[in-house]
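In the order they appear, the protein sequences are chains A and B.
With the UniProt record's numbering, letter number 107 in the first sequence gets 107, and the count goes up by one each step, no holes.
With the UniProt record's numbering, letter number 24 in the second sequence gets 24, and the count goes up by one each step, no holes.
Have a look at the structure below, then the notes.
Number of protein chains: 2
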Amino acid sequence: MMKTREKILEASIELFTASGYEGTSLGAIADKVGIKKPSLYAHFKNKEAIFLEAVEIGEAGYHDLLKRMINEQKGTAAHILRSLLEEAVAAFEEEHLLSQFYYRFLFFPPSGLEEKISSITTQGTRRLDALLADIIERGQEEGELTTELTVEQILRSYLCMLGGTDFDIRYYQHSSVDRKAYLEMIWSVFWRGVKA
Amino acid sequence: MMKTREKILEASIELFTASGYEGTSLGAIADKVGIKKPSLYAHFKNKEAIFLEAVEIGEAGYHDLLKRMINEQKGTAAHILRSLLEEAVAAFEEEHLLSQFYYRFLFFPPSGLEEKISSITTQGTRRLDALLADIIERGQEEGELTTELTVEQILRSYLCMLGGTDFDIRYYQHSSVDRKAYLEMIWSVFWRGVKA
DNA sequence: GTCTATACGGCGATAGAC
DNA sequence: GTCTATCGCCGTATAGAC
């Protein structure tokens with residue numbers, strides 16, 4: 001059985017993701033949890049405290065998901081980068097709650113909470129960059145990736161491709177573009193750009 | 001002298017961009033315009049009507065900006081694509097109101113208005129794709145761009161790079177990454193991938 | 001077209017009983 | 001820890017004078 005406090009946070013993440021900070025009322029959160037509005041105050045000081053703790057949990061979950069994905073990949077650097085792209089995009093589509101929550105409040109934080117949010121999110125990013133940089137470096141050493149480019153060039157391009165793909169998939173979500181074909185197109189150009 | 005109606009829309013775009021739909025009150029809009037709250041109802045039926053007309057104006061402005069940029073570029077396809085990337089990113093940074101407004105409500109529309117918004121925004125996208133496809137096709141005919149890739153492959157990769165760059169620049173906005181150096185890194189990998 | 005006055009509901013938040 | 005009751009405020013929206 002889940003504790004009320006956790007249920008509040010879970011419900012909050014869903015509602016904040018769907019309707020934003022100002023668009024989500026404490027009444028809606030209480031309804032979703034199955035308690036009355038004032039009971040929320042037994043667990044949190046106020047709405048802002050609920051939100052900020054939800055952001056912490058969302059941030060940790062998002063970065064853990066990516067970290068686990070990176071560490072699960074086996075094989076050549078090329079294969080790792082290729083399947084990571086595929087899995088990350090698939091995860092963002094299926095388990096899209098986390099990434100939606102994460103990006104919503106990273107890019108469009110509620111007025112007044114900008115700094116508190118960015119201080120939570122900036123921590124996790126660098127660790128992931130370091131993991132990927134290792135993979136790229138190994139790919140260069142083993143002769144799969146060109147050494148005419150620096151590790152940072154390849155890393156930034158890869159991250160740009162990841163971000164752009166996520167971006168485009170949201171953008172074209174109501175269009176006819178097939179995800180598998182789309183990824184193949186994007187990857188083939190990237191791979192021509194970085195292969196040895 | 002600007003008409004009140006236009007001033008309302010201009011103020012609305014700024015406030016909606018900064019604080020979202022639910023986070024922007026009619027009182028705040030009226031204050032910014034310099035009138036009293038009930039006077040808004042002489043020009044618009046309700047808040048939703050103000051917002052939807054703001055979205056129409058924002059969409060048109062955003063796509064016009066991009067279209068004008070594309071048409072202004074001269075020279076080889078490579079040069080056009082390169083400087084378009086640079087200009088688009090610069091415009092998104094300086095004149096970032098339009099792109100922020102556009103993406104905020106494309107990706108995170110207020111509850112209940114999802115379909116109305118997407119029906120406004122989907123129109124303009126295809127025209128821009130067609131303009132870029134022409135440039136890419138010409139680049140292939142003139143031997144600058146590889147013919148081992150299809151026009152669509154190159155187009156999607158280019159758009160992914162644009163989207164990813166915009167994404168990353170917001171993402172790393174508080175970090176130390178220099179924009180010029182960043183664009184050079186991204187472009188060099190893309191160019192290796194698509195050159196003949 | 002703009003104003004003052006006001007209606008009405010929902011909001012975040014608190015008091016206090018159980 | 002949860003509830004009922006309630007507070008004060010601010011939200012959208014309307015009525016009606018000028």
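We put the beta carbon where it would ideally sit given N, CA and C, even for glycine.
Asked                                                                                                                     : Found
Any C-beta of chain B under 8 Å from that of S99 of chain A                                                               : no
Three-state secondary structure assigned by DSSP to L145 of chain B                                                       : strand
C-beta atoms of S12 of chain A and I50 of chain A nearer than 8 Å                                                         : yes
8 Å Cβ cutoff met for H79 of chain A and L128 of chain A                                                                  : no
Residues that R104 of chain A contacts on chain B, provided the C-beta gap is smaller than 9 Å                            : F107 and F108
CB contact flag (L149 of chain A, V177 of chain B, <8 Å)                                                                  : no
G164 of chain B and F167 of chain A closer than 8 Å at C-beta                                                             : yes
Buried versus exposed, by CB contacts within 10 Å (16 or more), L131 of chain B                                           : exposed
Short CB-CB distance (under 8 Å) between D129 of chain B and chain A                                                      : no
Amino acids of chain A, ordered along the chain, whose beta-carbon sits closer than 9 Å to that of residue 201 of chain B : Nothing can be reported for residue 201 of chain B, as the shown portion of chain B is limited to 1 through 196.
Contact list for F44 of chain A against chain B, beta-carbon separation under 9 Å                                         : In chain order: nothing, as chain B lies at least about 21 Å away.
Alpha-carbon to alpha-carbon, I8 of chain B and G34 of chain B                                                            : 9 Å
Inter-residue Cα distance where the pair is S25 of chain A and M2 of chain A                                              : 22 Å
Closest residue to G58 of chain A among A:A42, A:S99, A:H43 and A:E94 (Cα-Cα distance)                                    : A:S99
Y41 of chain A burial status per 10 Å Cβ neighbour count (16 or more: buried)                                             : exposed
Residue-level contact to chain B via CB, Q140 of chain A, 8 Å cutoff                                                      : no
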